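Quick mapping for you: the protein sequence lines, in order, are chains A and B. The first sequence runs 1 to 184 under the UniProt record's numbering. The second sequence runs 1 to 212 under the UniProt record's numbering.
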Amino acid sequence: MTPLLKGDGLALVRGGRLLFESLDLELGHGDALHVTGRNGSGKSSLIRLVAGLLRPTAGRIERAGAALADEGLALDRELPLRQALAFWKGSRLIDAMTAFHLDDLADVPVRLLSTGQAKRARLARAMAADAPLWLLDEPLNGLDRDGAGRLDAAIARHREAGGAVVAASHLPLSGNWLTLELGQ
Amino acid sequence: MTGALIRREVRRGLHGAAWLPVAFFLLVATIVPFAVGPDARLLGQIGGGALWIAALTAALLPVERLVEPDRADGVLDQLALTGTAEEAVGGAKIVGHWLTFGPLLLIAAVPGSFLVGLDGPALVRSLVSLAIGTPALSALAVAVAALTAGLPRAGALAGLLMMPLAVPLIIFGAAATGDGESSALKLEAAVALLTIAGAPFVAGAAIRAARS
């Protein structure tokens, strides 16, 4: 089977600083990669590179369809949550809202959501897109214990279904992950 | 995605202050007779130009809310991940912005024309020239908004950038309100077409460039 993500000899320079070079990535169905490293080591930049939002300074990258959950909320503040999420036309929106316990918040305007609720909304937006590759930037930030458990369960189901995950996080993630430490 | 994006732009435009540029337009048009005096013949001569200056300044007002909030909130990134081309985003924003700006401005242009002493055939000419010009003003506003998104003092910068770019449009647009015989209206239409055709590509390239 073709890999969901394949990067060869990736290098990235940001603001005149070399973040990483000669980086090879390959993720197949069911794989998950945990990117760690100090603050400023390029974790978020790697996620944006894989997402296609940054171009590698050197190297080549190919990937399957991806969904991104980073710090950008990308939901209209004045709309009720369900409507704001529906703008993104995710085919698994109902599943995703249930998985992240957002059903009770469906009619609440996005601007009234708490930090943790907004974090779950981001993750639900990514899950709803039904993309084979999930790109999560600091997915645990702002989540309470219940939220973290729901994220673990969603990731496990996604991997069982043949999806892959790249998560950048300075916190440990539960389950079986490949790790990549940046900035050594 | 583009249709949804246009609907979203219209909804957000109306939810925000769609009346603000129009009120500003009328305000500038009201000030003109105070500034140059109530001489009807003089007003009739400069009225077309005054109306266009009012329209241009009104078009500048919403520039800061057109692209920057979506860049800061990650909407533009998410659109890229859905496979929507940045040029399509720019085009949708232009259409959506014009829908909340153009028709309202044209309605306000009727009293605006009377305020600057244009009536009868001159009123019709000013409405036609604004009807052709407002889509180009919207396109310029979106392109300039994309170029300045994320920069400090973007509002002032947008004004500096947009005014010179609007000069050809102003020349032919204002001329078309003054004189029905010349080919100013056709030249205005040509400039407007060029602006509308180019703006989505400028906006798209600017959105991509702002990421790195």
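All C-beta atoms, glycine included, are put in the ideal place defined by N, C-alpha and C. Computed from a predicted model, the values in this text were never measured in an experiment.
Is DSSP giving B/P103 helix, strand or coil here?
To locate residue 103 of chain B, count along the second sequence from 1; it is residue 103. DSSP places B/P103 in helix when its eight states are reduced to three.
Quick check on A/F87 - is its C-beta less than 8 Å from some C-beta in chain B?
Sequence index remark: in the first sequence, residue 87 of chain A carries index 87 (1-based). True, the Cβ-Cβ gap to chain B drops below 8 Å.
Compute the beta-carbon to beta-carbon distance between A/R150 and A/A99, rounded to the nearest angstrom, for a pair I have assumed lies under 8 Å.
Within the first sequence, residue 150 of chain A is the residue found at index 150, counting from 1. Within the first sequence, residue 99 of chain A is the residue found at index 99, counting from 1. With a Cβ gap of about 6 Å, A/R150 and A/A99 count as contacting.
Which residues in the same chain have their Cβ closer than 6 Å to the Cβ of A/G61, if we skip the five residues on either side of it in sequence?
Within the first sequence, numbered from 1, the residue matching residue 61 of chain A stands at position 61. Residue identity check: residue 61 of chain A is Ile in the sequence provided, not Gly. Cβ within range, chain order: G7.
Do the segment 43 to 55 of chain B and the segment 23 to 33 of chain B meet, that is, are 3 or more Cβ pairs less than 8 Å apart?
Because the criterion of three Cβ pairs below 8 Å is met, the segment 43 to 55 of chain B and the segment 23 to 33 of chain B touch.
Taking Cβ positions only, does A/E62 come closer than 8 Å to chain B?
Position 62 of the first sequence, counted from the start, is the residue given in the question as residue 62 of chain A. It does not: the Cβ of A/E62 has no partner Cβ on chain B nearer than 8 Å.
With DSSP as the reference, label A/H170 as helix, strand or coil.
Numbered from its first residue, the first sequence carries residue 170 of chain A at position 170. Coil, per DSSP.
Mark A/T115 as exposed unless 16 or more other C-beta atoms lie within 10 angstroms of its C-beta, in which case mark it buried.
Walking along the first sequence from the start, residue 115 of chain A turns up at place 115. Under this definition A/T115 is an exposed residue.
What does DSSP give as the partner residue(s) for A/W134 in the beta ladder?
Looking up residue 134 of chain A in the first sequence gives position 134. According to DSSP, A/W134 bridges with A/A67, A/V165.
With burial defined as no fewer than 16 other Cβ atoms inside 10 Å of the residue's Cβ, what is the status of B/P121: buried or exposed?
Residue numbering aside, residue 121 of chain B sits at position 121 when the second sequence is read from its first letter. It is exposed - the Cβ of B/P121 has fewer than 16 other Cβ atoms within 10 Å.
Measuring CA to CA, which of A/R111, A/D144, A/L136 is closest to A/L33?
Within the first sequence, residue 33 of chain A is the residue found at index 33, counting from 1. For the residues A/R111, A/D144, A/L136, the minimum Cα distance to A/L33 belongs to A/L136.
Give a yes or no on whether 8 Å exceeds the smallest Cβ distance from B/L151 to chain A.
In the second sequence, the residue the question calls residue 151 of chain B occupies position 151. False, the Cβ-Cβ gap to chain A never drops below 8 Å.
Can you find a CB in chain B that lies within less than 8 Å of the CB of A/L68?
One-based indexing of the first sequence puts residue 68 of chain A at position 68. Yes, because at least one Cβ of chain B sits closer than 8 Å to the Cβ of A/L68.
Does the distance from the C-beta atom of B/G117 to that of B/A199 stay below 8 Å?
Reading the second sequence from its first residue, position 117 is the one you call residue 117 of chain B. Reading the second sequence from its first residue, position 199 is the one you call residue 199 of chain B. Taking 8 Å as the Cβ cut-off, B/G117 and B/A199 do not qualify as a contacting pair.
Provide the residue(s) that pair with A/E26 in DSSP beta bridges, ordered along the chain.
Numbered from its first residue, the first sequence carries residue 26 of chain A at position 26. Per DSSP, A/K6.
Give the residues from the segment 47 to 59 of chain A that approach chain B closer than 9 Å (Cβ to any Cβ), ordered along the chain.
The residues in question are R48, A51, G52, L53, L54, R55.
Contact check, A/L27 vs A/A164 under 8 Å by CB: the rounded distance?
For the purposes of this step, residue 27 of chain A is taken as the residue at position 27 of the first sequence. For the purposes of this step, residue 164 of chain A is taken as the residue at position 164 of the first sequence. Correct: roughly 4 Å between the Cβ atoms.
Assuming A/A66 contacts A/L23 (C-beta within less than 8 Å), just tell me the rounded distance between them.
Position 66 of the first sequence, counted from the first residue, corresponds to residue 66 of chain A. Position 23 of the first sequence, counted from the first residue, corresponds to residue 23 of chain A. That pair is no contact at about 18 Å.
Find the residues of chain A that neighbour B/A15, judging by a C-beta separation of less than 8 Å, and give them in chain order.
Here residue 15 of chain B corresponds to residue number 15 of the second sequence, with the count starting at 1. First, the residue type needs correcting, since residue 15 of chain B is His and not Ala in the sequence shown. By Cβ distance, chain A contributes E78.
So which residues of chain A does B/Q78 contact, with C-beta pairs closer than 8 Å?
Walking along the second sequence from the start, residue 78 of chain B turns up at place 78. Near B/Q78 (Cβ distances below 8 Å), the residues of chain A are L68, G72, A74, W88, R125.
Within its chain, find whatever has a CB closer than 8 Å to the CB of A/P80; leave out the 5 residues flanking it on each side and keep chain order.
Taking the first sequence and counting its residues from 1, the one referred to as residue 80 of chain A is at position 80. The residues are A106, D107, V108, P109, V110.
Contact check, A/L93 vs A/A128 under 8 Å by CB: the rounded distance?
Position 93 of the first sequence holds residue 93 of chain A. Position 128 of the first sequence holds residue 128 of chain A. 4 Å between Cβ atoms; contact.
Hey, does B/A4 have any beta-carbon neighbour from chain A nearer than 8 Å?
If you number the second sequence from 1, residue 4 of chain B lands on position 4. Yes, B/A4 lies at the interface with chain A (some Cβ there is under 8 Å from its Cβ).
So which of A/G52, A/T2, A/L73, A/G162 has the shortest CA-CA distance to A/R120?
Position 120 of the first sequence, counted from the start, is the residue given in the question as residue 120 of chain A. Checked all of A/G52, A/T2, A/L73, A/G162; the closest Cα to A/R120 is A/L73.
Which stretch, first to last residue, makes up the alpha helix (DSSP H) that contains A/A32?
In the first sequence, residue 32 of chain A corresponds to position 32, counting from 1. Per DSSP, A/A32 belongs to no alpha helix (DSSP H); it is in the beta strand (DSSP E), 32 to 37.
Starting from B/L81, find everything on chain A with Cβ-Cβ shorter than 7 Å and list it in chain order.
For the purposes of this step, residue 81 of chain B is taken as residue 81 along the second sequence, with counting starting at 1. Neighbours of B/L81 on chain A, chain order: A51, A66, A67, L68.
Can you give the beta carbon distance from B/V144 to B/L130, rounded, assuming they're within the 8 Å contact cut?
Taking the second sequence and counting its residues from 1, one reaches residue 144 of chain B at position 144. Taking the second sequence and counting its residues from 1, one reaches residue 130 of chain B at position 130. Incorrect: roughly 19 Å between the Cβ atoms, too far for contact.
On the DSSP bridge list, what partners appear for A/I61?
Position 61 of the first sequence, counted from the first residue, corresponds to residue 61 of chain A. Bridge partners of A/I61: A/G7.
What's the gap between the Cα of B/T84 and the Cα of B/A92?
Counting from one through the second sequence, the residue named residue 84 of chain B turns up at place 84. Counting from one through the second sequence, the residue named residue 92 of chain B turns up at place 92. Cα to Cα, B/T84 sits roughly 11 Å from B/A92.
Relative to the C-alpha of B/L185, which residue among B/G74, B/L147, B/V128, B/F201 is closest?
Residue numbering aside, residue 185 of chain B sits at position 185 when the second sequence is read from its first letter. The candidate whose alpha carbon is nearest that of B/L185 is B/V128.
Between A/H29, A/G42, A/L5, which lies nearest to A/G16 when the distance is taken from Cα to Cα?
Mapped onto the first sequence, residue 16 of chain A falls at position 16. For A/G16, the nearest C-alpha among the options comes from A/G42.
If we count the other Cβ atoms within 10 Å of its Cβ and call it buried at 16 or more, is B/Q78 buried or exposed?
Taking the first residue of the second sequence as position 1, residue 78 of chain B is located at position 78. With 16 or more Cβ atoms within 10 Å of its Cβ, B/Q78 is classed as buried.
Output yes or no for whether 8 Å exceeds the beta carbon distance between A/L54 and B/S212.
Locating residue 54 of chain A in the first sequence gives position 54, counting from the first residue. Locating residue 212 of chain B in the second sequence gives position 212, counting from the first residue. Cβ distance < 8 Å, so A/L54 and B/S212 count as in contact.
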